[in-house]
Amino acid sequence: MLRPMRVLGIETSCDDTAAAIVEHRPDGPVLRSSVVAAQGIHTEFGGVVPELASRAHLELLPGVVEQALGEAGLTFADVDGIAVTRAPGLLGALLVGVCYAKALARALDRPFVGVNHIEAHLLAPLLEGVALELPAVGAVVSGGHCEIFVVHAIGRYSIVGTTRDDAIGEAFDKVAKLLGLGFPGGPPIDRLAAAGDPERFALPRGLAGSGDFDLSYSGLKTAVRRLLDATPLPRDERFTADLCASFQAAAVDGLLAKLAAAARAHGARSLVVGGGVACNSRLGDGLAAMGERMGIPAYRPGPRLCADNAAMIALVGGLRLGRGERDGFDLEPVPGLDDSGLVVTANG
Ligand code: KG4
Ligand code: ZN
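Note that the working numbering numbers the sequence shown so that position 34 is 41, with each residue one more than the last.
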């Protein structure tokens with residue numbers, strides 16, 4: 008049997024410094040290790056500070072890579088190829104990972120490829136042994152992303168819907184800030200919502216009747232702010248739980264409705280979600296129910312593969328390396344979504 012190809016993945020697009028080893032075997036990819044160092048430094052600012060993120064990547068990345076190798080029981084000499092996130096993300100943050108990957112590729116004399124982070128979120132279920140029946144319709148939902156895609160084939164994607172203002176994770180983070188729940192806001196809202204009444208407050212589901220697959224979250228966020236302004240202090244626990252539940256229902260159900268509509272319109276044979284917001288419990292339950300209703304599989308990877316990680320980067324990089332693709336030392340990071348040429352914005 009051919010020796011498996013061991014790919015080191017590197018992810019530095021936002022505020023997580025991550026490295027992972029994926030072994031690409033003839034019968035499928037196997038995750039050997041995945042290390043994510045969250046940069047706690049941003050908590051006190053209530054959001055990611057780009058310059059601080061770049062500096063923290065610079066400090067953390069060498070140790071994170073060594074840890075990923077150590078946990079896989081490997082050394083640098085065992086690495087057959089290197090995959091690094093090249094788009095989209097914060098430019099300075101991406102630069103740290105891309106420069107590191109190039110230097111390592113040169114030192115080890117191994118091939119390297121740049122990977123599109125969004126493609127990696129969409130294909131992450133492959134690391135759980137899933138085949139991803141195509142075409143798939145998927146949502147990538149995080150603090151920076153809120154898009155609906157059709158996966159026509161591995162390497163060919165269309166964006167069919169996008170937010171017209173805030174990303175859904177940004178809405179969770181802003182509402183949590185208004186409620187004094189800290190950053191990131193998704194996990195505490197999800198937790199408090201479990202004990203709340205999602206129907207107590209009627210909140211807008213952005214662009215519900217727009218007839219396309221676009222989303223909007225700024226109106227929802229403003230409605231929550233107005234409600235808080237109109238509610239005298241002190242607010243009791245029941246109020247906060249009900250507000251969290253009502254906000255979460257509006258945010259998540261609005262997304263699920265658009266995902267279902269896109270899936271029907273594009274003849275989806277499977278559904279997939281990725282990104283930090285995909286960890287949300289209501290989203291998970293709603294997605295599973297949608298899959299059952301439509302009679303197609305619905306994939307939501309485990310929380311460690313939904314949130315930012317380098318395993319998904321090593322996965323997609325390995326698929327590209329396996330096809331004989333290589334990038335040169337002139338590879339540049341790209342902050343935007345489309346420039347990698349992987350994601351086509353038309354419906355084709
Ligand atoms: O993908 P991710 O780790 O990083 C990027 O933003 O790229 O996603 C982080 C986002 C944050 O906005 C956070 O509040 C949100 O995901 N999040 C959640 C949950 N867990 C994380 N949102 C809703 N419910 C959750 N359980
Ligand atoms: Zn992400």
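For each residue, glycine too, the CB sits at the ideal point set by N, CA and C.
Expected contact under 8 Å - CB spacing of residue i and residue j to nearest Å
i: V148; j: V284; result: 4 Å
i: V144; j: I155; result: 7 Å
i: P118; j: R333; result: 5 Å
i: L185; j: L235; result: 6 Å
i: L210; j: D221; result: Not a contact, Cβ separation roughly 18 Å.
i: A178; j: Y224; result: 4 Å
i: V122; j: T92; result: 6 Å
i: G162; j: L328; result: Their Cβ separation, rounded to whole angstroms, is 13 Å, which puts G162 and L328 out of contact at 8 Å.
Classification of residue i by the beta-carbon crowding that lies within 10 angstroms, buried from 16 upward
i: E18; result: buried
i: L66; result: Residue 66 is actually Glu in this sequence, not Leu. Exposed: under 16 other Cβ atoms inside 10 Å.
i: P36; result: buried
i: G336; result: The sequence shown places Phe at residue 336, rather than the Gly named in the question. With fewer than 16 other Cβ atoms within 10 Å, it is exposed.
i: D249; result: buried
i: R245; result: exposed
i: S253; result: buried
Residue i Cβ short of 7 Å to the ligand ZN heavy atom set
i: S41; result: no
i: D315; result: yes
i: S149; result: yes
i: H64; result: no
i: H273; result: no
i: H159; result: no
Proximal residues to residue i (C-beta, below 8 Å), its chain only, five neighbours per side dropped
i: R276; result: E140, L141, P142, A143 and I303
i: L278; result: A143, V144, G145, L266, A270, L294, M297, G298, M301, I303, P304, A305 and Y306
Residue i Cβ short of 7 Å to the ligand KG4 heavy atom set
i: E154; result: no
i: V284; result: yes
i: E135; result: no
i: D180; result: yes
i: N287; result: yes
Nonlocal neighbours in the same chain, by C-beta distance under 7 Å from residue i, ignoring five residues either side
i: Y107; result: I17 and L68
i: T247; result: L186 and L199
i: V259; result: N287, R289, L290 and G293
i: E73; result: none
i: H31; result: P11, M12, V14, G325 and G329
i: A160; result: L141
Cβ neighbours of residue i in the same chain (closer than 6 Å, five flanking residues each side left out)
i: I125; result: V147
i: V71; result: T24, A26, V42 and A44
Complete alpha helix (DSSP H) runs within the segment 60-121 (minimum length 4 residues, chain order): Fully enclosed alpha helix (DSSP H) runs of 4 or longer: 98-115.
Whole alpha helix (DSSP H) elements within the segment 291-342, 4-residue minimum: Runs found: 310-313 and 318-329.
Length-filtered (3 minimum) beta strand (DSSP E) runs lying within the segment 138-184: If we require 3 residues or more, the beta strand (DSSP E) runs fully inside the segment 138-184 come out as 143-148, 153-160 and 163-169.
Secondary structure, beta strand (DSSP E): runs of 3+ residues fully inside the segment 224-289: The qualifying runs are 277-281.
Beta strand (DSSP E) runs contained entirely in the segment 22-55, provided each spans 3 or more residues: Complete beta strand (DSSP E) runs here, min 3: 23-32 and 35-45.
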